[in-house]
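These notes concern the structure reproduced below.
Protein chains: 4
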Amino acid sequence: MATAGTSETAVNGSRDEEKATVSFGRDQLKAFIERIERLEEEKKALGDDIRDVYAEAKGTGFDVKALRAIVRMRKQDLNERKEQEALIETYMHALGMLN
Amino acid sequence: MATAGTSETAVNGSRDEEKATVSFGRDQLKAFIERIERLEEEKKALGDDIRDVYAEAKGTGFDVKALRAIVRMRKQDLNERKEQEALIETYMHALGMLN
Amino acid sequence: MATAGTSETAVNGSRDEEKATVSFGRDQLKAFIERIERLEEEKKALGDDIRDVYAEAKGTGFDVKALRAIVRMRKQDLNERKEQEALIETYMHALGMLN
Amino acid sequence: MATAGTSETAVNGSRDEEKATVSFGRDQLKAFIERIERLEEEKKALGDDIRDVYAEAKGTGFDVKALRAIVRMRKQDLNERKEQEALIETYMHALGMLN
DNA sequence: GGAACATCACCGTGTC
DNA sequence: GACACGGTGATGTTCC
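Residue numbers (our numbering), protein chains in the order written: chain X, 1 to 99; chain R, 101 to 199; chain G, 201 to 299; chain B, 301 to 399.
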């Protein structure tokens with residue numbers, strides 16, 4: 001199949017058909033771009049909301065960095081977390097940072 | 101102000117008040133965490149939607165990498181315009197034309 | 201003192217003096233910019249070197265994420281680290297993530 | 301491949317070989333950490349140098365914010381040029397003019 | 001599974 | 001000295 005949005009000359013087909021195809025490709029492209037941009041705006045808005053919540057929590061005395069750590073850990077699988085911590089301990093031990 | 105979530109003994113106030121404060125801190129913490137997690141879920145869902153749109157566009161023959169480039173550039177253009185404006189402000193300030 | 205690089209007309213002084221001042225300002229600006237850019241290049245190069253070392257370590261079987269954690273911890277003051285961890289534990293406890 | 305730093309028992313090989321391997325792992329780990337820390341020190345020193353240059357420029361009357369803006373823009377110009385070239389490649393690819 | 005890319009969090013700096 | 005911003009580094013994701 002031809003790549004959408006390209007302007008390679010069709011071997012067969014009338015000029016009108018080609019024009020219609022190209023136009024359609026352009027409209028389609030525009031539609032996709034707009035859908036994406038719309039979604040990204042909403043996504044950004046949510047990101048801003050999250051920032052605001054952290055800010056609000058900070059305003060009531062919570063430590064943002066620690067909050068983020070909590071959220072991160074809750075997202076993480078328990079086993080993963082333990083494995084990672086064990087590995088770090090191993091390295092620390094090798095470096096004499098423990099004991 | 102004291103850091104929320106710590107349990108240092110208040111100089112004044114009954115034990116009950118303290119308990120209530122700690123409990124309230126806990127509830128507040130839960131509330132913040134849950135709000136954040138809720139928002140992050142929605143954000144993730146939007147990310148997935150965006151993915152889907154790209155996938156759909158790809159399915160109709162568009163080149164995803166090029167699409168991403170277009171979206172990126174349109175975003176950069178906006179940013180740059182804002183940056184330019186901010187820069188003009190800065191220069192005007194440096195030249196003593198503001199303030 | 202006048203702001204360097206600005207072109208406000210000096211109240212006293214010949215046009216030649218002014219021209220010389222402006223030129224000097226320009227040269228000086230150029231010099232500063234170049235010094236900064238030179239230093240930033242070197243800084244970037246070191247950043248790249250660090251990346252390379254991590255990559256090499258990874259190539260010999262080390263876990264990069266854990267290595268980074270180690271480096272971070274060695275940089276951090278011991279007390280700081282403990283405080284942060286204690287705070288996180290407090291939050292985790294409040295959320296029933298411990299016990 | 302086994303993760304470096306773990307101490308899983310080798311299926312073959314004497315205990316001595318294993319010990320040697322572990323020790324080597326430790327030495328290797330130390331070496332990597334130290335290389336990284338050394339590089340980070342140098343990097344930090346350069347960061348300090350840059351700060352000093354800005355401070356010096358400020359001392360001779362330049363507006364630091366404006367200076368930073370200039371440096372930033374010059375960097376962006378470079379990046380953009382590279383981005384443009386990459387973009388052209390992408391488009392050519394999308395149009396089937398490459399490959 | 002590795003490389004490139006986009007996003008995100010952290011930190012240093014400047015400001016008020 | 002707290003807040004805001006910009007720069008930088010790290011993480012997670014996508015593509016090959």
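Here a beta-carbon is modelled for each residue, glycine too, at the ideal position from N, C-alpha and C. Just so you know, these numbers come straight off a predicted model, no measurement behind them.
Nearest Cα to A294(G) within the set S114(R), F124(R), R115(R) and L187(R): F124(R). Taking 8 Å as the threshold, the shortest C-beta distance from K182(R) to chain X does not fall below it. Exposed is the label assigned to L378(B), since fewer than 16 other Cβ atoms lie within 10 Å of its Cβ.
Closest option to I133(R), judged by alpha-carbon separation, among L39(X), I50(X), K82(X) and Q28(X): I50(X). With its beta carbon at least 8 Å from every one in chain B, L139(R) lies outside the interface. Beyond the five residues adjoining it in sequence on each side, I136(R) comes within less than 8 Å, by CB distance, of no other residue in the same chain.
Closer than 8 Å to the CB of K119(R) there is not a single CB belonging to chain B.
K143(R) is not a Cβ neighbour of G59(X), given a cutoff of 8 Å.
The alpha helix (DSSP H) runs of length 4 or more contained entirely in the stretch 105-162 of chain R are, from start to end of the chain, 115-159. Three or more pairs of CB atoms, one per stretch, sit closer than 8 Å, so the stretch 265-282 of chain G contacts the stretch 83-90 of chain X.
Boundaries of the alpha helix (DSSP H) harbouring M273(G): V264 to K275, taken from the DSSP string.
Listed in chain order, the non-local C-beta contacts of E356(B) below 7 Å within the same chain number zero, local neighbours out to five positions each way being set aside.
Annotation for L278(G): the continuous alpha helix (DSSP H) segment containing it runs L278 to A294.
Across the structure, R368(B) and E380(B) are spaced so that their CA atoms are roughly 18 Å apart. For the stretch 344-359 of chain B, the set of positions with a beta-carbon nearer than 9 Å to some beta-carbon of chain R is empty.
From the listed residues V22(X), Q84(X), E40(X) and Y54(X), the smallest Cα separation to Q128(R) is found for Y54(X). A straight line joining the alpha-carbon of D252(G) with that of A245(G) spans about 10 Å. For R326(B), the closest Cβ of chain X is nearer than 8 Å.
Using a Cβ-Cβ cut-off of 8 Å, K365(B) counts as an interface residue toward chain R, since at least one Cβ of chain R sits closer than that to its own. Chain order gives no chain X residues near E189(R), where near means a beta carbon separation below 7 Å; the closest approach is about 23 Å. Distance from the Cα of G61(X) is smallest, within the candidate group D116(R), E117(R), R115(R) and R126(R), for R126(R). Considering only Q284(G), T221(G), M297(G) and D263(G), the residue with the shortest C-alpha distance to D63(X) is Q284(G).
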